[in-house]
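See structure below.
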Amino acid sequence: MEEALAGQVAAMKHLPLDYPLSAFMPLLPTVDGVDLPDQPYNVVMAGRHHPVPVIMGTTADEVKLYIHMAWPNPVSAAEYRAAMRVLFKGNATEVLAEYPPVSGDNRSVMSVVGTHYVFSCPQRKFSRGLAAAGLAGPNSVFHYIHDQAWSFPGWEPNFSFCNGASCHGVDLPYYFNTATLMFDVTAPEQQLFRHIAGYFGNFVHTGNPNNGGGRGGSSPSSPATAWPGHSQTSDRYVVFTAPTPYSLSGYLQHECDFFDGIGYDPERVSRVANYLLSGIRA
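1 is the number of the first residue of the sequence shown in the UniProt record's numbering; add one for each residue after it.
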């Protein structure tokens, strides 16, 4: 055992410094050449995906939870600049100009950068690719933004930074209506539960969240907003918020146009995600 450990230590000395980070929890599908012939992003951009309708989306504050877990102490402006240089290399100056550091704790800025570059903007690009291919016909791509924080005390004390925020995972109790098993939820939240159940039930039944042949996406007290389809040139979303979702166009248009110019190579996106989630200083 000691010889094996000594061998591993010796071998590590010859590896790039960022190798352990790259090997840690890679946020990429495993391309085996059989079930996944290529990264899903590349497959969709090439129009080689199966012709099925799609619902996809993110929460408004996806990375906030991970940043505060991985970086428990405040991040200085110098540390933030160093992190951006490591992650974006030749594009770091552009990113820092678009997302400049603040004088105090920069974890909030890192959360925004991570949410935009790892979640919101690649998904917009992905949605556009699906819509452009048109394999499942028009109005077959439906994109949502979950922007409803919990009214109930679902976060443990160590996760108080997510109180009032739409952190990663806050959407799940709304999709499965599980919060009512443990907490007293507000009447507007219960109404949102019904809207979401209607949308998703319709989609499972017909491939369109607006058409179900039954109650649809409405509740007894208020009709749900029609969920517009996402297209190659029109970025249309439905925003899940209590009591009633609303439609929105052009969400993060400036920010995502900026990151579109940098690009979303899957390995680069994975590197950014892994770094921000690791808490390892540059």
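Where a beta carbon is used, it is the ideal one built from N, C-alpha and C, also for glycine.
Whole-angstrom C-beta distance between residue j and residue i, which should lie under 8 Å
{"i": "residue 210", "j": "residue 226", "result": "6 Å"}
{"i": "residue 58", "j": "residue 119", "result": "4 Å"}
{"i": "residue 184", "j": "residue 166", "result": "That pair is no contact at about 20 Å."}
{"i": "residue 45", "j": "residue 123", "result": "About 13 Å; that fails the 8 Å criterion."}
{"i": "residue 140", "j": "residue 54", "result": "7 Å"}
Residues near residue i by beta carbon distance below 8 Å, same chain, minus five either side
{"i": "residue 250", "result": "235"}
{"i": "residue 212", "result": "198, 201, 202, 205, 206"}
{"i": "residue 174", "result": "146, 148, 189, 192, 193, 196, 240"}
{"i": "residue 32", "result": "none"}
{"i": "residue 187", "result": "243"}
{"i": "residue 330", "result": "Past the boundaries of the shown model lies residue 330; the chain is included only from 1 to 282, so the question cannot be answered."}
Given residue i as reference, the closest of the options once Cα atoms are compared
{"i": "residue 98", "options": "273, 271, 255, 270", "result": "255"}
{"i": "residue 232", "options": "91, 142, 63", "result": "142"}
{"i": "residue 150", "options": "193, 7, 144, 122", "result": "193"}
{"i": "residue 102", "options": "265, 74, 126", "result": "74"}
{"i": "residue 277", "options": "88, 177, 69", "result": "69"}
{"i": "residue 266", "options": "8, 40, 7, 16", "result": "40"}
{"i": "residue 81", "options": "72, 109, 71, 257", "result": "109"}
{"i": "residue 130", "options": "86, 252, 11, 52", "result": "52"}
{"i": "residue 47", "options": "88, 105, 15, 126", "result": "126"}
{"i": "residue 182", "options": "88, 96, 132, 154", "result": "154"}
{"i": "residue 252", "options": "229, 172, 145, 157", "result": "145"}
{"i": "residue 105", "options": "87, 85, 76, 8", "result": "76"}
{"i": "residue 168", "options": "33, 65, 3, 36", "result": "65"}
{"i": "residue 259", "options": "121, 93, 132", "result": "121"}
{"i": "residue 257", "options": "16, 14, 128", "result": "128"}
{"i": "residue 133", "options": "34, 8, 230, 10", "result": "230"}
DSSP state of residue i mapped onto helix, strand, coil
{"i": "residue 259", "result": "helix"}
{"i": "residue 48", "result": "coil"}
{"i": "residue 143", "result": "strand"}
{"i": "residue 180", "result": "helix"}
{"i": "residue 201", "result": "helix"}
{"i": "residue 247", "result": "strand"}
{"i": "residue 206", "result": "helix"}
{"i": "residue 93", "result": "helix"}
{"i": "residue 86", "result": "helix"}
{"i": "residue 119", "result": "helix"}
{"i": "residue 217", "result": "With a pLDDT of 44 at residue 217, under the threshold of 50, the modelled position of that residue is not reliable, and the figure given next carries that caveat. Reduced to three states, the DSSP call for residue 217 is coil."}
{"i": "residue 280", "result": "Caution is warranted here: a pLDDT of 47 is assigned to residue 280, below 50, making its placement in the model unreliable, and no coordinate value can be reported."}
{"i": "residue 57", "result": "strand"}
{"i": "residue 283", "result": "This structure cannot settle anything about residue 283, because the visible part of the chain is limited to 1 through 282."}
{"i": "residue 174", "result": "helix"}
{"i": "residue 31", "result": "coil"}
{"i": "residue 102", "result": "coil"}
{"i": "residue 41", "result": "helix"}
Close-in-space but distant-in-sequence residues of the same chain around residue i (CB under 7 Å, 5 per side omitted)
{"i": "residue 189", "result": "151, 242"}
{"i": "residue 222", "result": "Confidence at residue 222 is low in this model, with a pLDDT of 36, below 50, so the placement of that residue should be treated as unreliable; the coordinate-derived value is given next. Closer than 7 Å at the Cβ level, and outside the excluded window around residue 222, lie 191, 243, 244."}
{"i": "residue 215", "result": "Unreliable positioning characterises residue 215 in this predicted model, as indicated by a pLDDT of 48, which lies under 50. The coordinate reading is nonetheless provided below. These residues qualify, in order along the chain: 198."}
{"i": "residue 38", "result": "31"}
Residues of its chain near residue i, where Cβ-Cβ distance is below 6 Å and the 5 sequence neighbours each way are ignored
{"i": "residue 91", "result": "262"}
{"i": "residue 207", "result": "53"}
{"i": "residue 43", "result": "49"}
{"i": "residue 95", "result": "84, 88"}
{"i": "residue 228", "result": "236, 247"}
Between the region 266 to 276 and the region 108 to 124, do three or more beta carbon pairs fall short of 8 Å? yes
Counting pairs of beta carbons, one from the region 155 to 167 and one from the region 45 to 61, are three or more of them closer than 8 Å? yes
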